[in-house]
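Numbering of the sequence shown is given in this note's numbering, commencing with residue 385 and proceeding in unit increments. Here a beta-carbon is modelled for each residue, glycine too, at the ideal position from N, C-alpha and C.
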Amino acid sequence: MTQTGFQTQSAFRAAGIDFTLVTSNQYLKKSQIVYPTRSPRSISLGGRPIPVATADEIKTVSFYKIPRPRLHDYFPKVWLFESVMVTNGGFEKSLTVPDGLNSWEANAVWFLGNRGLWAPVSKPSLISRMSFFVEFTTPTVVRRDEILHLTITIFLRPEENAADRTCYEVELNVKLDPKDWRIVGASVFLLESVRLPIRPLRICQLNLTAMAIVRHGTGVCDDKEVKSFNEFFTVSDAVRRSICVEAEGVEKRVTVGGTFCSSGDVHELKIGLPDRDIVDGSLRSYITVGRNLIGLAISNLDSLVEVPTECAEQNLGRVAPSVYVLKHLLSRQNASELRHDSFARKAAGYVINFNGSTSLTAYVFEVFSEADSLPLSIILDQTLNAHPVLSKAFDVLVIQQQTGGCFIDTDNRFTSFMENTNSADSKLHLTSHVLAALSSAGTPLKEVKVVQYDRSVSSAIECIESIGRSFPPKEWPTLLIA
Numbered sequence: 385m386t387q388t389g390f391q392t393q394s395a396f397r398a399a400g401i402d403f404t405l406v407t408s409n410q411y412l413k414k415s416q417i418v419y420p421t422r423s424p425r426s427i428s429l430g431g432r433p434i435p436v437a438t439a440d441e442i443k444t445v446s447f448y449k450i451p452r453p454r455l456h457d458y459f460p461k462v463w464l465f466e467s468v469m470v471t472n473g474g475f476e477k478s479l480t481v482p483d484g485l486n487s488w489e490a491n492a493v494w495f496l497g498n499r500g501l502w503a504p505v506s507k508p509s510l511i512s513r514m515s516f517f518v519e520f521t522t523p524t525v526v527r528r529d530e531i532l533h534l535t536i537t538i539f540l541r542p543e544e545n546a547a548d549r550t551c552y553e554v555e556l557n558v559k560l561d562p563k564d565w566r567i568v569g570a571s572v573f574l575l576e577s578v579r580l581p582i583r584p585l586r587i588c589q590l591n592l593t594a595m596a597i598v599r600h601g602t603g604v605c606d607d608k609e610v611k612s613f614n615e616f617f618t619v620s621d622a623v624r625r626s627i628c629v630e631a632e633g634v635e636k637r638v639t640v641g642g643t644f645c646s647s648g649d650v651h652e653l654k655i656g657l658p659d660r661d662i663v664d665g666s667l668r669s670y671i672t673v674g675r676n677l678i679g680l681a682i683s684n685l686d687s688l689v690e691v692p693t694e695c696a697e698q699n700l701g702r703v704a705p706s707v708y709v710l711k712h713l714l715s716r717q718n719a720s721e722l723r724h725d726s727f728a729r730k731a732a733g734y735v736i737n738f739n740g741s742t743s744l745t746a747y748v749f750e751v752f753s754e755a756d757s758l759p760l761s762i763i764l765d766q767t768l769n770a771h772p773v774l775s776k777a778f779d780v781l782v783i784q785q786q787t788g789g790c791f792i793d794t795d796n797r798f799t800s801f802m803e804n805t806n807s808a809d810s811k812l813h814l815t816s817h818v819l820a821a822l823s824s825a826g827t828p829l830k831e832v833k834v835v836q837y838d839r840s841v842s843s844a845i846e847c848i849e850s851i852g853r854s855f856p857p858k859e860w861p862t863l864l865i866a
């Protein structure tokens, strides 16, 4: 670097340009000879070892750990330029493509004593890339002792010019641990791929490595005599994949739970395994410990509460379980954060359209009545305001009630088990369902619609009494018995 710096300074001054060094000399890398050496530290003369001095600038290394210095280790981003004296109007320079996959740019600057500084308009550039690469795809999971036909493919980049085609000697290696894999057949060689049948021997995460080595100048593709190994042009590419190996057979899980007092004593928990033979090496045990009796289920119970964002039927399927989950959280101590998150998710999405289904409307009325009783204002400082929904649902139910007190359903999409909605059996089931929903009504609705509510409930009871007498008790609906 120091010598090159002086040559650059001389070239600028020869062209009549003032040269000022703006970089401190301490940042200039000192001259250093970097290459692996196999020279011994001592030689034998007359049977006695004589030490040999080594130059300070030469890095001495162990004979068994010879480094392979690369240009990128010292100059990772740039190439150094050299100054030459041009006498015939032209200069040719042979460069070796670096061993890194990158984009490179070259430039030339001319210093003329009578014409100043000259530079090309455009800079020539090149991209160094691999002429090939190796690849193989593995399944996500395989069974132990299952034969895996591994296909390893070498992809070649097509040459733009047919005259640029080059012949290479290709060597393909697959690195397998004999403790993990076993080759169970002969390899099948195709045009650009190799199919290798292998079998995993262990249950774990196993690795496979494929490597392709390409050599040029070995004498395989031409008749030239190869004098030394250093004349070879060698390029290699490798890829490693991981495969999950599971046990053969059918998976069986056994869950055992229990409670014990953490008094410091040893607690023994016996697990009863099935009588069937267990595949060798497939037994796995996992332990989950919770500090309360219910365990980890309660801690994640609030995740069951979802925001209603779909249509009416799907929203009802999400809201109904959430109501009972929240009622359980209210009875639990030290769960304020869980309750807050759950209520926040549940406070949105309470918009529903009543499309004529009496059964669905009754279910909505029951669920919203339960939700209206939750102390949402205490948790989130806001109210649910479910009274308009409950009032509208109640009005729809009253319209679907006949003069005899029985309820009918004009839309049986949600009551497909009722073949004839006007039959006595269907009326008994539907009226029992609606009456159970009306019994969950809150005090505000009963006070506002006291007359309609009492008349509707009384008429429904009369309908059930009149129709129920014609059926034996074993055919009564579960809601009616409850």
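Going by DSSP, name the residue or residues bridged to residue i.
i, result
"Ser487", "Ile511"
"Leu556", "Ala596"
"Gly500", "Leu496"
"Ala622", "Met595"
"Ile655", "Beta-bridge pairing links Ile655 to no other residue."
"Val629", "Val526"
"Ala572", "In the sequence on display, residue 572 carries Val and not Ala. According to DSSP, which records beta bridges pairwise, Val572 is partnered with Arg579."
"Phe855", "Paired residue(s): none; Phe855 is not in a bridge."
Report yes if the CB atom of residue i is closer than 7 Å to the CB atom of residue j, and no otherwise.
i, j, result
"Ala492", "Leu556", "no"
"Gln784", "Phe778", "no"
"Pro562", "Arg528", "no"
"Asp621", "Leu590", "no"
"Leu822", "Val834", "no"
"Val526", "Val663", "no"
"Val818", "Leu774", "no"
"Val598", "Val554", "yes"
"Ile536", "Val578", "yes"
"Ala594", "Phe495", "no"
"Gly826", "Asp756", "yes"
"Glu846", "Gly789", "yes"
"Ile511", "Ser487", "yes"
"Asp793", "Ser843", "no"
"Ser509", "Arg541", "no"
"Val623", "Val558", "no"
"Ala808", "Ile848", "no"
"Phe475", "Val481", "no"
"Pro581", "Ile627", "no"
"Ser824", "Ser741", "no"
"Arg625", "Thr522", "yes"
"His771", "Pro856", "no"
"Ile655", "Val640", "yes"
"Ile921", "Glu576", "No information on residue 921 is available, as it lies outside the stretch 385 to 866 that the chain covers here."
If you follow the alpha helix (DSSP H) that residue i is in, where does it begin and where does it stop?
i, result
"Ile848", "Val834 to Gly852"
"Ile783", "His771 to Ile783"
"Leu812", "Ala808 to Leu822"
"Ala755", "Thr742 to Asp756"
Which residues bound the beta strand (DSSP E) around residue i?
i, result
"His533", "Leu532 to Leu540"
"Ile567", "Trp565 to Ile567"
"Ile597", "Gln589 to His600"
"Phe517", "Phe516 to Phe520"
"Ser577", "Ser577 to Pro584"
"Val526", "Val525 to Arg527"
Run the proximity test for residue i: is its beta-carbon closer than 6 Å to any non-hydrogen atom belonging to the ligand PLP?
i, result
"Gly474", "Of ligands this structure carries none, so the ligand PLP is not represented either."
> Is there contact between the segment 570–587 and the segment 485–505, where contact requires at least three CB pairs shorter than 8 Å?
Replying inline: no
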